[in-house]
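Heads up: the structure comes next, in structure tokens.
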Amino acid sequence: MCRPRENTSIIQSQPKDLNVIVNDLQDLIKQKETSYTEEKRKRETFEKKLQETCSSLEEEKQKRETFEKTSAEEKQKREEFEKKLEETCSSLEEEKQKREEFEKKLEETCSSLEEEKQKRETFEKTCSSLAEEVKDLRACLQLLIDDAGGQRTLVVLTKLDLMDRGTDAYDVLCGRVIPVKLGIIGVVNRSQEDIHKKKPIDDALRYESVFLQKTYPSIANRNGTSFLAKTLNRLLMYHIRDCLPSLKTRINQMVSHFQTLINSFGEPIEDKGRLLLQIITKFASNYCATIEGTAKNIEVSELCGGARICYIFHETFAHALDSIHPLDNLSTFDILTAIRNATGSKPALFVPEISFELLVKRQIKRLEDPSLRCVELVHEELQRIIQHCGAQNKTMVNYSLNSEQQRDEVPNIYGFFVSPNELETEESVKASVARRREQKWLDMFARWSAFIESRFDKVKTRCRKGIPPSVRGQGWYHLSAAKYRHENADRNCPTGSVFNLYLAQTPALNVLEDIKKDLARSFPDHEIFRDNGCGQESLFDVLKAYAVHDPAVGYCQAQAPIAAILLMHLPPEQAFWVFVQINEEYVKGYFSDGLMAVKEDALATELLIQRVSQRGYRLLRKLDVDPILYTLDWYMTLFSRTYRAPQLFRIWDMFFCEGVKVLFRLALVIVRETLDVGPPDIVTKAHKCDNPMDLIALIKQTAKTLPFDVLLMKMDKLPLTDIDLAQACGQARQQLNSDLNTTNSRKTSSRIQPNKHK
Numbered sequence: 000m001c002r003p004r005e006n007t008s009i010i011q012s013q014p015k016d017l018n019v020i021v022n023d024l025q026d027l028i029k030q031k032e033t034s035y036t037e038e039k040r041k042r043e044t045f046e047k048k049l050q051e052t053c054s055s056l057e058e059e060k061q062k063r064e065t066f067e068k069t070s071a072e073e074k075q076k077r078e079e080f081e082k083k084l085e086e087t088c089s090s091l092e093e094e095k096q097k098r099e100e101f102e103k104k105l106e107e108t109c110s111s112l113e114e115e116k117q118k119r120e121t122f123e124k125t126c127s128s129l130a131e132e133v134k135d136l137r138a139c140l141q142l143l144i145d146d147a148g149g150q151r152t153l154v155v156l157t158k159l160d161l162m163d164r165g166t167d168a169y170d171v172l173c174g175r176v177i178p179v180k181l182g183i184i185g186v187v188n189r190s191q192e193d194i195h196k197k198k199p200i201d202d203a204l205r206y207e208s209v210f211l212q213k214t215y216p217s218i219a220n221r222n223g224t225s226f227l228a229k230t231l232n233r234l235l236m237y238h239i240r241d242c243l244p245s246l247k248t249r250i251n252q253m254v255s256h257f258q259t260l261i262n263s264f265g266e267p268i269e270d271k272g273r274l275l276l277q278i279i280t281k282f283a284s285n286y287c288a289t290i291e292g293t294a295k296n297i298e299v300s301e302l303c304g305g306a307r308i309c310y311i312f313h314e315t316f317a318h319a320l321d322s323i324h325p326l327d328n329l330s331t332f333d334i335l336t337a338i339r340n341a342t343g344s345k346p347a348l349f350v351p352e353i354s355f356e357l358l359v360k361r362q363i364k365r366l367e368d369p370s371l372r373c374v375e376l377v378h379e380e381l382q383r384i385i386q387h388c389g390a391q392n393k394t395m396v397n398y399s400l401n402s403e404q405q406r407d408e409v410p411n412i413y414g415f416f417v418s419p420n421e422l423e424t425e426e427s428v429k430a431s432v433a434r435r436r437e438q439k440w441l442d443m444f445a446r447w448s449a450f451i452e453s454r455f456d457k458v459k460t461r462c463r464k465g466i467p468p469s470v471r472g473q474g475w476y477h478l479s480a481a482k483y484r485h486e487n488a489d490r491n492c493p494t495g496s497v498f499n500l501y502l503a504q505t506p507a508l509n510v511l512e513d514i515k516k517d518l519a520r521s522f523p524d525h526e527i528f529r530d531n532g533c534g535q536e537s538l539f540d541v542l543k544a545y546a547v548h549d550p551a552v553g554y555c556q557a558q559a560p561i562a563a564i565l566l567m568h569l570p571p572e573q574a575f576w577v578f579v580q581i582n583e584e585y586v587k588g589y590f591s592d593g594l595m596a597v598k599e600d601a602l603a604t605e606l607l608i609q610r611v612s613q614r615g616y617r618l619l620r621k622l623d624v625d626p627i628l629y630t631l632d633w634y635m636t637l638f639s640r641t642y643r644a645p646q647l648f649r650i651w652d653m654f655f656c657e658g659v660k661v662l663f664r665l666a667l668v669i670v671r672e673t674l675d676v677g678p679p680d681i682v683t684k685a686h687k688c689d690n691p692m693d694l695i696a697l698i699k700q701t702a703k704t705l706p707f708d709v710l711l712m713k714m715d716k717l718p719l720t721d722i723d724l725a726q727a728c729g730q731a732r733q734q735l736n737s738d739l740n741t742t743n744s745r746k747t748s749s750r751i752q753p754n755k756h757k
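Okay, so the sequence shown: first residue is 0 according to numbering that gives the first Met the number 0, each after it adds one.
Structural data, given as structure tokens:
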């Protein structure tokens with residue numbers, strides 16, 4: 000950090016030459032090692048031969064002694080052998096000389112390798128110094144990004160004693176290069192040699208003081224380790240002085256709040272078992288009385304309790320059964336064919352019972368959907384009875400407040416575990432109003448094709464008001480055209496169920512492992528997705544089936560919360576087909592490699608912000624905020640990580656009806672409210688942000704705190720048409736294609752207004 004700027008190019012050019020030297024040295028070392036290995040192998044072979052020769056000599060010597068005793072011919076042979084031995088010894092002497100020469104060469108190679116090792120160590124030291132300088136430059140760059148004005152940064156400048164002769168750091172220490180409000184303090188640290196020699200700290204401080212007085216006499220009193228310690232101590236004391244009063248006030252408020260909460264619990268309970276038994280008995284009595292109609296407080300304005308359940312069975316369910324004709328989708332030809340197939344090869348006098356059973360089973364299967372809807376309605380009414388009885392039993396509610404864990408163990412009507420206080424503040428719709436709304440949707444399901452083709456505006460209006468919870472799953476199933484696709488796919492499937500066919504197959508092992516990792520992360524506060532809950536198995540089946548259905552996409556982590564929300568309202572097979580429609584019709588390309596579709600929509604969002612909020616757009620451009628940073632989580636999870644029930648379900652109701660433009664409108668309203676026309680305190684805070692990450696965090700926080708009804712109202716009044724949205728998507732695609740030189744095959748029109756099947 001302290002090197003002069005003119006030597007930077009020289010320093011930067013060194014690594015390239017040194018790398019070449021190192022590579023050449025490595026090649027030379029490898030060649031020497033190879034030659035040394037070959038010579039070693041030859042020497043071992045020679046020694047082996049020498050041993051064999053010595054052993055043969057010993058045998059020949061014995062033979063020679065025997066030969067001398069036996070005959071003179073053996074003596075001649077011995078003389079000849081001695082000659083051969085002499086020749087062998089001469090060759091051995093030559094080999095010995097060669098070996099000595101090789102050892103000399105090996106010693107020379109080792110010495111050269113030692114020299115190369117020293118050069119390499121020198122090079123590594125140089126590289127380490129360069130790396131430290133790069134780190135210093137990165138630190139300066141990060142300083143300019145995080146604290147552009149230098150209002151809250153204290154800079155410490157080291158290695159003042161390592162600067163070249165004729166250079167100094169006066170300009171840096173005086174703040175002329177990097178302006179910092181808290182100052183720049185130069186220090187001289189101990190070197191590595193001083194550390195190894197265990198140089199005392201006092202000696203190092205004295206050396207630092209002498210160096211500063213000699214090199215920087217005019218600013219020596221404002222630099223050094225001692226001055227740095229005093230400055231840090233002073234800044235810490237100032238910070239404590241500024242923060243301590245507010246911290247003390249907040250602690251006192253918390254103490255007062257929790258003391259009041261403790262006092263509200265009353266005196267300690269001595270006989271807890273007896274009290275708990277009374278609470279359970281009273282709750283059970285109220286629950287049974289509500290179902291049997293013998294409760295003290297009987298509602299006279301609407302049906303509730305057992306009467307409501309009776310109405311569901313005898314009116315709603317009966318009406319649904321009456322609307323199903325027993326002979327629909329069953330022609331005379333089908334009946335005759337079934338009878339003939341059941342008789343086999345011989346004609347029968349009477350109609351076989353098995354043909355009747357086959358036909359009846361197929362028709363009875365049509366009763367599954369109304370039966371499941373009836374079960375959902377009854378389950379919802381039973382949950383209302385539990386909430387009503389719990390509200391009457393104040394003792395139970397107060398007792399449950401004694402434990403933080405118990406407060407989080409109360410499920411609401413959507414299955415999420417919330418505290419009793421949150422449960423009491425949730426909005427509830429009167430039973431009479433809910434019945435009228437769900438009956439309208441049931442009638443609409445019975446004539447779905449007519450409504451979609453001729454009265455789509457009516458469907459859109461009802462979706463904006465919100466689909467009743469009891470029929471919301473079927474509403475999504477029809478709106479997304481998943482019902483139409485599901486029936487067509489199963490009709491052409493040899494096994495009768497494409498979903499079951501997919502479950503019998505196995506995708507890639509890494510896909511299954513990724514899915515299993517995310518099962519416990521998807522809505523762990525929901526009753527069916529808790530640890531080892533029934534919903535986790537269904538979620539695994541849906542994600543696995545889709546990975547088999549579209550192996551090119553496979554599985555993406557953002558898909559898990561989407562599939563989990565569908566399973567809160569639909570059986571696994573229907574949820575799978577709605578999930579397919581979302582991936583292939585609504586947000587096509589969102590989960591493919593490269594996320595090009597999400598990048599395109601993020602860029603389109605920025606172009607639309609420029610149209611609806613010039614002030615907000617200027618602030619985003621001023622801080623250079625990439626739109627992908629705040630839209631990625633919104634679009635890929637369909638706002639499932641931003642909103643909770645029932646707000647999220649209302650957004651999805653409109654999304655399935657109107658398409659992806661609902662996501663654009665909601666994102667634009669959130670950004671516009673945060674940066675331009677929202678609450679003054681939020682807008683002021685946004686324009687005071689000097690860091691892009693702080694602004695992004697504020698936008699995401701505002702999305703969760705703004706009143707949801709206000710967001711919906713401003714979504715409708717947003718000055719944005721489908722043509723504007725289509726043009727923005729087209730411009731974004733062209734810009735990405737020009738930047739990346741790629742093509743994108745998505746159709747904007749189908750995503751803005753999805754095509755509803757009949």
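Cβ atoms here follow ideal geometry from the backbone N, Cα and C, with glycine treated the same way.
One thing to note: T641 has its Cβ within 8 Å of the Cβ of A702.
In the DSSP secondary-structure assignment, I722 is not bridged to any residue. Following the DSSP letters along the chain, one finds V577 inside the alpha helix (DSSP H) bounded by residues 571–580. Secondary structure of F257 (DSSP, three-state): helix. Here the alpha carbon of G185 sits roughly 6 Å from the alpha carbon of V155. Burial of T315 is indicated by the presence of at least 16 other C-beta atoms within 10 angstroms of its C-beta. Between M567 and G465, the C-beta gap is not smaller than 8 Å, which leaves the two residues out of contact. Across the set V668, I581, Q646, F655, the C-alpha of V668 shows the shortest separation from the C-alpha of I608. Under the three-state reduction of DSSP, V187 is assigned to coil, being neither helix nor strand. Under the DSSP assignment, L211 falls in the alpha helix (DSSP H) whose first and last residues are 200–214. Boundaries of the beta strand (DSSP E) harbouring V155: 154–156, taken from the DSSP string.
Under the three-state reduction of DSSP, V359 is assigned to helix. Put simply, the segment 55–65 does not touch the segment 31–42. Fewer than three CB pairs are less than 8 Å apart. Closest by C-alpha distance to Y634, out of P645, K598, L49, Q613, is K598.
The DSSP-derived three-state label of H324 is coil. In the DSSP assignment, F415 forms a beta bridge with H525. When C-beta atoms of the segment 600–619 are compared with those of the segment 671–680, three or more pairs fall below 8 Å, so the two segments count as touching. For R649, the enclosing alpha helix (DSSP H) covers residues 646–657.
When the five nearest sequence neighbours on each side are left out, the beta carbons in the same chain lying within less than 6 Å of the beta carbon of T604 are those of P626, T630, A666, in order along the chain. Under the 8 Å Cβ criterion, the segment 165–180 does not count as touching the segment 223–235, having fewer than three qualifying pairs. According to the DSSP assignment, P679 belongs to the alpha helix (DSSP H) that extends over 679–686. The segment 477–497 and the segment 532–539 do not touch, with fewer than three beta-carbon pairs separated by less than 8 Å. Here R273 carries a helix assignment [DSSP, helix/strand/coil]. Note that the C-beta distance between R372 and Q473 is below 8 Å. If you look at V541, you'll find it in the alpha helix (DSSP H) that goes 533–548. Counting C-beta pairs closer than 8 Å gives fewer than three between the segment 545–553 and the segment 449–457, which falls short of the contact rule.
A direct Cα-to-Cα measurement between I412 and E269 gives close to 34 Å. Around the C-beta of G165, fewer than 16 other C-beta atoms lie within 10 Å, and the residue is accordingly described as exposed. With a contact defined as Cβ atoms closer than 8 Å, V624 and L697 miss out at about 11 Å. Close CB contacts of N188 within its chain, under the 7 Å cut and outside five residues either way in sequence, are with T157 (chain order).
A residue is called buried once 16 or more other Cβ atoms fall within 10 Å of its Cβ, and D708, having fewer, is exposed.
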